[in-house]
């Protein structure tokens with residue numbers, strides 16, 4: 001009898017019937033396809049970018065990454081260095097400003113805000129995240145730069161102008177302007193996720209800290225932040241992703257100049273901006289290929305940063321797990 | 327050839343189809359036609375509304391005009407529906423070369439390679455536009471200088487080359503004895519996006535300055551020796567208006583709409599000329615007597631006294647031998663209408679410069695030669 005049952009279960013037709021009867025397998029299949037689609041998309045995008053940048057890769061090789069000549073008119077030579085640096089610098093400024101602001105706001109929203117303020121403020125933060133980037137760009141160009149960025153830049157130039165980082169002359173559109181605008185754009189992302197991270201921390205952690213005689217401040221800095229580190233890092237990575245890829249708003253405020261000086265107050269250029277600026281009017285194949293190669297570099301860079309971030313989060317979460325257990 | 331481009335184009339096509347579906351004017355009826363004067367040409371067999379779909383792609387500069395024309399023309403001939411994607415001249419040239427659209431549009435003149443890639447293609451100048459030099463400058467007395475500044479023949483080129491660095495440069499002060507130009511740095515602003523506007527502007531700079539021609543060149547985007555890049559007319563204008571001492575170039579229509587001072591440029595004949603429809607038409611006439619077979623010609627730096635030096639045509643791109651005869655006939659009818667009184671009025675309303683008659687005659691002669699599958703279109 002036992003053997004018969006076994007035989008029945010293993011008969012192919014019966015197994016298929018069983019599996020499909022309740023739709024479980026179908027459901028599972030659908031979800032698997034959806035998940036696979038993501039992988040296919042990533043690989044497909046990478047493949048297309050690689051294929052379509054062939055001409056430029058052949059013509060310039062690795063030199064493309066370290067030369068700064070971008071001349072579609074006369075010599076038809078292309079180099080990506082100013083764009084790579086511009087993207088890294090503006091994203092760095094953005095994170096530098098947005099991390100303390102974002103995590104600070106998240107702490108306030110999750111731990112300190114009175115109830116009547118918590119919801120409206122949280123709503124406003126989410127609203128900020130939903131503003132289209134072209135609106136940020138226009139606002140940046142016509143309001144943010146003249147009212148805030150330019151005076152700050154002039155102050156920095158006057159007080160710290162001896163550093164190459166703050167060398168003049170001061171223009172409105174600059175790397176600083178792009179970085180600070182990006183800061184506003186990534187701030188809601190970091191805030192919203194960090195707030196959820198803090199809210200997800202079990203109350204027992206807070207109670208335990210309080211019971212040990214910790215002040216509120218000590219509880220936040222010595223218990224909540226270490227406990228939530230991996231989540232907070234995740235929030236920052238998402239913010240960084242937006243900063244790296246942001247196109248239109250940055251294009252409108254960065255000044256779009258191949259300048260390679262160290263000064264943050266000078267105009268710069270980012271990878272996303274050059275593609276947005278020149279793709280539509282790229283009239284010959286090598287030009288188009290060079291722009292696509294920039295896309296490839298941006299793609300690879302984003303991938304690399306995400307991998308590093310994953311590793312970081314993984315290490316941190318291993319560590320905190322150990323600490324929490326200890 | 328380029329899969330990426332093609333799939334990108336496909337997305338654009340899909341999007342514009344959606345947009346067109348949303349934004350199409352309510353089916354117009356002949357009785358409420360706002361455009362008077364032109365009657366729908368009598369058709370032997372009346373085609374149903376919207377049954378002929380004509381697609382085009384290309385330059386952004388004439389897009390407002392084309393939209394207005396398509397809207398008005400929908401009242402003239404209800405059977406045709408136009409669908410134009412303003413994706414830029416480069417994209418327009420590419421799409422018409424690959425024949426994914428019925429007509430292309432470009433501000434730039436096709437180069438030899440591009441002509442070779444699309445055998446049988448013809449450029450038709452549609453309207454012209456001029457570009458204004460805009461300046462934001464505060465004098466030593468703290469007041470903004472609103473008098474039009476005179477720029478000698480090569481001054482703009484030298485400013486964009488970085489040779490003239492200050493507003494009180496002797497070249498500028500000598501030409502502007504009435505204005506007290508301050509000792510301020512000139513902040514050069516240019517377009518950051520590839521554009522026909524830049525093509526025409528660098529065409530002008532190449533004509534007036536040998537240094538510009540040999541060091542920078544003429545294209546939809548170039549390697550600028552100095553300056554800040556702003557995206558679009560609004561980006562250039564915004565950057566100029568925020569930087570004391572800034573200079574930039576924008577389309578004339580944009581400058582007029584913003585009521586900014588129109589500065590004077592010295593032309594080839596040595597006169598200082600303000601940008602306007604008249605001074606642009608004068609430039610067209612300088613070159614217009616013989617456009618040649620290409621019907622495409624640079625009209626910057628015109629020789630006569632009244633010509634404004636920074637101007638250019640915007641073109642439609644068509645194949646001289648069409649494949650779809652109904653579409654071809656409808657398209658030619660539309661182009662003829664656009665050159666006619668109603669089309670011209672639309673153009674003038676939107677601050678474009680219509681073609682003078684001498685040029686139109688040459689265009690009409692060429693249009694009459696368009697064939698379909700080797701046979702004349704007839705009428």
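Chains as they are written, first to last, in the numbering used here: chain F, 1 to 326; chain Z, 327 to 705. All C-beta atoms, glycine included, are put in the ideal place defined by N, C-alpha and C.
Local Cβ density within 10 Å of residue i, reported as buried at 16 or more and exposed below that
i                      : result
residue 36 of chain F  : exposed
residue 356 of chain Z : Below a pLDDT of 50, predicted positions are generally treated as unreliable, and residue 356 of chain Z, at 41, falls in that range; no measurement from the model is reported.
residue 65 of chain F  : exposed
residue 457 of chain Z : buried
residue 577 of chain Z : buried
residue 349 of chain Z : Because the pLDDT at residue 349 of chain Z is just 41, under 50, the model does not fix this residue reliably, and the value given afterwards should be weighed accordingly. Classification of residue 349 of chain Z: exposed, given that the 10 Å Cβ count is below 16.
residue 509 of chain Z : exposed
residue 702 of chain Z : exposed
residue 202 of chain F : exposed
residue 38 of chain F  : exposed
residue 528 of chain Z : buried
residue 388 of chain Z : buried
Residue i vs residue j beta-carbon contact at 8 Å
i                      : j                      : result
residue 249 of chain F : residue 140 of chain F : yes
residue 507 of chain Z : residue 498 of chain Z : yes
residue 73 of chain F  : residue 544 of chain Z : yes
residue 692 of chain Z : residue 448 of chain Z : yes
residue 624 of chain Z : residue 608 of chain Z : no
residue 256 of chain F : residue 518 of chain Z : yes
residue 474 of chain Z : residue 587 of chain Z : yes
residue 313 of chain F : residue 294 of chain F : no
residue 643 of chain Z : residue 432 of chain Z : yes
residue 454 of chain Z : residue 610 of chain Z : yes
residue 451 of chain Z : residue 645 of chain Z : no
residue 246 of chain F : residue 133 of chain F : yes
residue 533 of chain Z : residue 626 of chain Z : yes
residue 417 of chain Z : residue 546 of chain Z : no
residue 258 of chain F : residue 68 of chain F  : yes
residue 238 of chain F : residue 189 of chain F : yes
residue 277 of chain F : residue 302 of chain F : no
residue 513 of chain Z : residue 569 of chain Z : yes
Sequence-distant residues of the same chain with beta carbon closer than 7 Å to residue i, five excluded per side
i                      : result
residue 240 of chain F : 91, 95 and 305
residue 157 of chain F : 166, 168, 170 and 265
residue 465 of chain Z : 471, 506 and 508
residue 467 of chain Z : none
residue 292 of chain F : 49, 52 and 53
residue 363 of chain Z : With a pLDDT of 43 at residue 363 of chain Z, under the threshold of 50, the predicted position of this residue should be treated as unreliable, and no value is reported.
residue 342 of chain Z : For residue 342 of chain Z, the pLDDT reaches just 46, beneath the cut-off of 50, and the residue's location in the model is therefore unreliable, although a value from the coordinates is still provided. Around residue 342 of chain Z: 409 and 411.
Endpoints, the alpha helix (DSSP H) within which residue i is located
i                      : result
residue 184 of chain F : 175–200
residue 219 of chain F : 216–219
residue 646 of chain Z : Where residue 646 of chain Z is concerned, there is no enclosing alpha helix (DSSP H), given that its DSSP letter is neither H nor E.
residue 668 of chain Z : 667–675
residue 138 of chain F : 133–139
residue 116 of chain F : 115–130
residue 506 of chain Z : From DSSP, residue 506 of chain Z is part of no alpha helix (DSSP H); its letter is neither H nor E.
residue 30 of chain F  : 24–52
residue 154 of chain F : 150–160
residue 538 of chain Z : 536–541
DSSP beta-bridge partners of residue i
i                      : result
residue 492 of chain Z : Z:511
residue 450 of chain Z : Z:642
residue 458 of chain Z : Z:576
residue 698 of chain Z : Z:648 and Z:701
residue 591 of chain Z : Z:477 and Z:599
residue 403 of chain Z : DSSP output for residue 403 of chain Z lists no bridge partner at all.
residue 382 of chain Z : Z:410 and Z:429
residue 679 of chain Z : Z:454
residue 77 of chain F  : F:71
Boundaries (first-last residue) of the beta strand (DSSP E) holding residue i
i                      : result
residue 432 of chain Z : 429–432
residue 409 of chain Z : 406–411
residue 222 of chain F : Element bounds for residue 222 of chain F: n/a, residue is neither H nor E.
residue 621 of chain Z : No beta strand (DSSP E) holds residue 621 of chain Z; DSSP gives it neither H nor E.
residue 554 of chain Z : 554–556
6 Å Cβ shell around residue i - same chain, five flanking residues per side excluded
i                      : result
residue 554 of chain Z : 515 and 565
residue 542 of chain Z : 548
residue 103 of chain F : 194
residue 688 of chain Z : 617
Cβ-based neighbour list, residue i, same chain, cut-off 8 Å, excluding 5 preceding and 5 following
i                      : result
residue 160 of chain F : 166
residue 214 of chain F : 222 and 223
Partner residues on chain A for residue i, Cβ-Cβ distance less than 8 Å
i                     : result
residue 73 of chain F : Looking at the structure shown, chain A is missing, and the protein chains on hand are F and Z.
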